[in-house]
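Enquirer: Protein chains in written order, with my numbering: chain R, 24 to 524; chain F, 365 to 590.
Yeah, the Cβ is synthetic: ideal placement off N, Cα and C, and Gly gets one too.
Computed from a predicted model, the values in this text were never measured in an experiment.
This structure is in structure tokens; I'll ask about it shortly.
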Amino acid sequence: MTDSPTLLGTMRKVKLHLSAGQFLLTIMLVTLSATGSFAAAQYGEVAAALVFVLGITVAGALCGLASALIAALVGFLIYNFYLTEPVLTFRLVTGSDIAPLVIFNLCALVSGVLAGRLKDHAEAARSSNLQLNSLLELSRGLQSAQRLEDVVATVGKAAHEIVGARISLFRAEEEGLTPLDAMPRDDRWRGFAEALLASPTPMLRDGNLLGCRLNGGTDVPILMIVEPFRPRGIEPAFVNALGNMVALALQRAALSEQMTERRASARAEELKTALLASVSHDFRTPLTAISASASSLITYGEKLDPETSLRLLHGIVEEGERLNRYTANLLEMSRLETGGGPASLQVLGVSEMVAAAVQRVRSRAGRRSIVLRDPESDLQIAANPALFELVLINILDNAITYSADETHIRIELSGVDGLCRIAIADEGFGIPAQDADRVFDRFYRVARSEASPRGSGLGLAIAKGFVEALGGTIGATVPGIEGRGTCITIRLPLAEGTGLS
Amino acid sequence: MTNILLVDDEPSLIAVLQPVLGAAGYHVIVATDGNSASRLALDQRPDVVLLDLGLPDMDGKEVIRRIRAASAVPIIVISARHQEAEKIAALDNGADDYVNKPFEIGELMARIRAAIRRGKSLESEPETYSGGPLDVDFASRQVRLDGEAVKLSPKEYDLLRVLALSAGQVVTHKRLLAAGWGSERTDSQYLRVYIGLLRQKIEEDPSDPRLLLTEPGVGYRLTPGA
């Protein structure tokens, strides 16, 4: 489009080649005009000449310049030989001999060139339409690209299928150019990319290579280099439009990446806050009991009867243990959090472990009855003993915390299909059925109307992490016992050679 | 015998406080939820209510409201140190004082004694305050420190009077602002300035107060000192 649309300029672009079909059409047109011209000859030479002019014009319009020139030449020969005086001789002497030759050829030139220009316009319109469509299609593809990799992949795919070019994207970091795609490339690209980076204009052309410097939404500029592989080439304006579109997509991807990062850090922050709140809440009650007991023993030691003193001392030990358990929970949580796997597996007798856990929680169970039903006392699993105990105590503790005094807690063990099933059911307040899965979320605590939540909300999350690390499952169902409470069921793979396996 | 209603659902705390308060000469009634607490507060007519804000069945503030609807019994709230908003809300709802978890038993006993004294003073306003080196005669507006007259501005005296009438108990910023400036909305910056002036006059070392203590985020407390 850089050439000015003058006649000469256009002529340079008109190709002087003819297809076989066009050649045949030209011959037919010449024959037709010759026949017409013989018929018109009775009305004088001028009429015959006009018929030839008509034929040449039609040939030029239909088949282009070459066809028109052929028609003009052949037409002139026929006209001069057969139709003008002296008939049946060639003569180029007088002005009336030469005029038809000049006029015929001028006519051919004008009609051929005009037809060529028309065709060019049509061609240009079609190609710009194609480019528009390809841009549209690319923009549709880019719209769904959320990450940088998606953008690069979409551009790479569109380059081949739609644009007809190789498109490379580089990140221009201070240490050098980093290709964003995995395309093979030679040194020519690198040299061009460096020239583009240093160029004062955001766009550069070198031979068939076209480059754009893009603002990808980060501090680092992105270079887009287009190498067309179709002979027609690609307009710089198209590359510019393409560049703008890719830049927009890159900016969106950068934004979305920042959003994701921010969301992740917000989540981490939330976790930290919840962890701290849980620490301060969970640790305060046992600390208060310890502090009150110890200071009472100091201040009122002689006023307290020996039995009370002993109870206070026992309380201190017990609360110390509770603090220790909370600490273990926090540590386990952070270990599960960082993806640390289950440490040191041992083959453990399940009923023995459960009995020990029950023993540990008995003191804070009040007058609740804890019954262990164990038809197969030889069930064994492979697990970390301390962690397994912690998980059992967490679940039992929940059953105690969320149930009234003088209720039942029932533990059932069974081996089915190579799995050990441990079901711990209570008659407590239960959980809303729709929250049955959420109880295993970190920091989830069953809302107790307006009352303050209990516990850290870590216990069951740790249980889930533990069970899943061992390839087992854990689930909560309501009700637990006789229409009330909750039942937590753990299924763990039995250690080989035990149970019913 | 003095009756204390202990409202807490933590078995470990009940296990400590019940025998220890008993040994200190109080008769302890235990409630483990808000409903029985508000019922027992009216039926048993305790002299002091010791209320843990975290209860299984209702918000602690609701318990305070229910008790206050029918009784002026002193209520001491047991709460976490960092929950200033909770404490202020509890005090606004009619609680008299609070003690932070974890507490030492001596601290709790001092709060209980102050609450009982305050409960009695509500029946007949005391004529004097005497705590440590400080004496206040409410009738003549005389303030003495170690027997020597202290000259206070009217505003300083108004603040000291409110603090002395609730001696040993926390007095919120709101109440002090209302007492000194007639409006709770006054900038608490003034309050800080006047408390500073008061400390200059009654404290041995105003930068290390022993009598007029700060309750961070809540208010001030007048104590007899160590």
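1. So residue 516 of chain R packs on residue 498 of chain R, CB below 8 Å; how close in whole Å?
2. Is it true that the CB of residue 470 of chain F sits closer than 8 Å to the CB of residue 332 of chain R?
3. Does DSSP put residue 337 of chain R in a helix, a strand or coil?
4. Does residue 179 of chain R have its Cβ less than 8 Å from a Cβ in chain F?
5. Which whole-angstrom value is the C-beta distance of residue 437 of chain F and residue 371 of chain F, which I expect to be below 8 Å?
6. Take every Cβ of the segment 422-434 of chain R, pair it with every Cβ of the segment 387-394 of chain F, and state whether three or more of those distances are shorter than 8 Å.
7. Among R/457, R/97 and R/106, whose alpha-carbon lies nearest the alpha-carbon of residue 69 of chain R?
8. Please identify, using Cβ separations under 7 Å, the residues of the segment 367-380 of chain F that lie next to chain R, in order along the chain.
9. Would you kindly report the start and end of the unbroken alpha helix (DSSP H) that includes residue 82 of chain R?
10. Is the distance from the Cβ of residue 393 of chain F to the Cβ of residue 369 of chain F below 8 Å?
11. By the 9 Å beta-carbon criterion, what residues does the segment 472-501 of chain F contribute toward chain R?
12. Residue 452 of chain F touches chain R at which residues, Cβ-Cβ below 8 Å?
13. Excluding sequence positions up to five away, which residues of its chain have a Cβ less than 6 Å from the Cβ of residue 202 of chain R?
14. Here's a check: name, in chain order, each residue in its chain whose Cβ is nearer than 7 Å to the Cβ of residue 164 of chain R, leaving out the five neighbours to either side.
15. Quick check on DSSP: helix, strand or coil for residue 506 of chain F?
16. With a CB to CB cut of under 6 Å and the five nearest residues on each side skipped, what residues in its chain are close to residue 91 of chain R?
17. If contact is defined by three or more beta carbon pairs under 8 Å, each pair taking one atom from either stretch, is the segment 396-409 of chain F in contact with the segment 420-434 of chain F?
18. When you compare only the Cα positions, how much space is there between residue 229 of chain R and residue 61 of chain R?
19. Would you verify that the beta carbon of residue 588 of chain F is, or is not, closer than 8 Å to some beta carbon of chain R?
20. What's the gap between the Cα of residue 128 of chain R and the Cα of residue 162 of chain R?
21. Could you tell me which residues DSSP pairs with residue 466 of chain F in its beta bridges?
22. Which residues does DSSP pair with residue 367 of chain F in a beta bridge?
23. Check whether the Cβ of residue 472 of chain R lies closer than 8 Å to any Cβ atom in chain F.
24. Would the segment 544-557 of chain F count as touching the segment 496-506 of chain F if we require 3 or more Cβ pairs under 8 Å?
25. Less than 8 Å between the beta carbons of residue 446 of chain R and residue 423 of chain R, yes or no?
26. From the DSSP output, read off the bridge partner residues of residue 534 of chain F.
27. If the criterion is Cβ atoms closer than 8 Å, does the pair residue 459 of chain R and residue 412 of chain R meet it?
28. Any residues in the segment 323-342 of chain R with a beta carbon nearer than 7 Å to a beta carbon of chain F? Which ones, in chain order?
29. Taking a Cβ distance cut-off of 8 Å, strictly less, list which residues of the segment 376-394 of chain R are near chain F, in chain order.
30. Quick one, are the C-beta atoms of residue 526 of chain F and residue 582 of chain F less than 8 Å apart?
31. Using a Cβ-Cβ distance under 8 Å, would residue 466 of chain F count as near chain R?
32. Relative to chain F, which residues along the segment 260-286 of chain R have a C-beta separation below 8 Å, given in chain order?
33. According to DSSP, is residue 251 of chain R part of a helix, a strand, or is it coil?
34. Residues of chain R with a CB under 8 Å from the CB of residue 388 of chain F: which are they?
35. Who are the Cβ neighbours of residue 522 of chain F in its own chain at under 7 Å, not counting the five residues just before and after it?
36. Within the same chain, show all residues whose beta-carbon is closer than 7 Å to that of residue 72 of chain R, passing over the 5 residues directly before and after it, in chain order.
Expert: Taking the structure as given:
1. In the first sequence, counting from the first residue as 1, residue 516 of chain R sits at position 493. In the first sequence, counting from the first residue as 1, residue 498 of chain R sits at position 475. Not really, about 16 Å apart at Cβ, beyond 8 Å.
2. Taking the first residue of the first sequence as position 1, residue 332 of chain R is located at position 309. Taking the first residue of the second sequence as position 1, residue 470 of chain F is located at position 106. Against a cut-off of 8 Å, the Cβ pair of residue 470 of chain F and residue 332 of chain R comes out as no contact.
3. The residue you call residue 337 of chain R lines up with position 314 of the first sequence. Looking at residue 337 of chain R - three-state DSSP - the assignment turns out to be helix.
4. Stepping through the first sequence from its first residue, residue 179 of chain R is reached at position 156. Not closer than 8 Å to any Cβ of chain F, the Cβ of residue 179 of chain R fails to qualify, so no.
5. Position 73 of the second sequence holds residue 437 of chain F. Position 7 of the second sequence holds residue 371 of chain F. Taking a contact as a CB-CB distance under 8 Å, the pair residue 437 of chain F and residue 371 of chain F does not count as one, their CB atoms being some 12 Å apart.
6. These segments do not touch.
7. Working through the first sequence from its first residue, we reach residue 69 of chain R at position 46. The shortest C-alpha separation from residue 69 of chain R is found at R/106.
8. Under the 7 Å Cβ criterion, the segment 367-380 of chain F contributes 374, 375, 376, 377, 379 and 380.
9. By one-based count along the first sequence, residue 82 of chain R stands at place 59. Start and end: 68-86.
10. Here the question's residue 393 of chain F lines up with position 29 in the second sequence. Here the question's residue 369 of chain F lines up with position 5 in the second sequence. In contact: residue 393 of chain F and residue 369 of chain F (Cβ atoms closer than 8 Å).
11. Hits within the stretch, in order: 472 and 473.
12. The count along the second sequence starts at 1 and reaches residue 452 of chain F at position 88. Neighbours of residue 452 of chain F in chain R, taken as residues whose beta carbon is under 8 Å from its own, are absent, since the nearest beta carbon is some 17 Å off.
13. By one-based count along the first sequence, residue 202 of chain R stands at place 179. Listed in chain order, the non-local C-beta contacts of residue 202 of chain R below 6 Å within the same chain comprise 193, local neighbours out to five positions each way being set aside.
14. Translated into positions along the first sequence, residue 164 of chain R becomes position 141. Excluding residues within five positions, the ones whose Cβ falls inside 7 Å are 177 and 181.
15. Position 142 of the second sequence holds residue 506 of chain F. In the three-state DSSP reduction, residue 506 of chain F falls in the strand class (E or B).
16. Here the question's residue 91 of chain R lines up with position 68 in the first sequence. Counting only residues of its own chain and dropping the five nearest sequence neighbours on each side, residue 91 of chain R has a CB closer than 6 Å to the CB of 79, 82, 83, 131, 134 and 135.
17. These segments touch.
18. Taking the first residue of the first sequence as 1, we reach residue 229 of chain R at position 206. Taking the first residue of the first sequence as 1, we reach residue 61 of chain R at position 38. Rounded to whole angstroms, the gap between the alpha carbons of residue 229 of chain R and residue 61 of chain R is 59 Å.
19. Here residue 588 of chain F refers to the residue found at position 224 when the second sequence is read from its first residue. Interface criterion not met: the Cβ of residue 588 of chain F is under 8 Å from no Cβ in chain R.
20. To locate residue 128 of chain R, count along the first sequence from 1; it is residue 105. To locate residue 162 of chain R, count along the first sequence from 1; it is residue 139. Their Cα atoms are separated by approximately 50 Å.
21. Taking the first residue of the second sequence as position 1, residue 466 of chain F is located at position 102. BP columns for residue 466 of chain F are empty, so no partner.
22. Taking the second sequence and counting its residues from 1, one reaches residue 367 of chain F at position 3. Residue 367 of chain F is bridged by DSSP to F/391.
23. As a working note, residue 472 of chain R is residue 449 in the first sequence. In this prediction, residue 472 of chain R scores a pLDDT of 41, lower than 50, which makes its location untrustworthy; the coordinate-derived value is nonetheless stated afterwards. True, the Cβ-Cβ gap to chain F drops below 8 Å.
24. Too few Cβ pairs lie closer than 8 Å, so no.
25. The residue labelled residue 446 of chain R in the question sits at position 423 within the first sequence. The residue labelled residue 423 of chain R in the question sits at position 400 within the first sequence. The Cβ atoms of residue 446 of chain R and residue 423 of chain R do not sit closer than 8 Å to each other.
26. Walking along the second sequence from the start, residue 534 of chain F turns up at place 170. F/585.
27. Within the first sequence, residue 459 of chain R is the residue found at index 436, counting from 1. Within the first sequence, residue 412 of chain R is the residue found at index 389, counting from 1. Contact: no.
28. Cβ contacts with chain F come from 323, 326, 327, 331, 334, 335, 338 and 342.
29. Under the 8 Å Cβ criterion, the segment 376-394 of chain R contributes 387 and 389.
30. Indexing the second sequence from 1 puts residue 526 of chain F at position 162. Indexing the second sequence from 1 puts residue 582 of chain F at position 218. Annotated as distal: residue 526 of chain F and residue 582 of chain F, with beta-carbon spacing of 8 Å or more.
31. Counted from its first residue, the second sequence places residue 466 of chain F at position 102. Judged by the 8 Å Cβ criterion, residue 466 of chain F is in contact with chain R.
32. Per Cβ criterion, the list is empty.
33. As a working mapping, residue 251 of chain R is identified with position 228 in the first sequence. In the structure shown, residue 251 of chain R sits in a strand (DSSP, three-state: E or B).
34. Mapped onto the second sequence, residue 388 of chain F falls at position 24. Against residue 388 of chain F, the close residues of chain R are 323 and 326, in the order they occur along the chain (beta-carbon pairs closer than 8 Å).
35. As a working note, residue 522 of chain F is residue 158 in the second sequence. Here the set comprises 543 and 544.
36. Counting from one through the first sequence, the residue named residue 72 of chain R turns up at place 49. Correct list, in chain order: 102 and 123.
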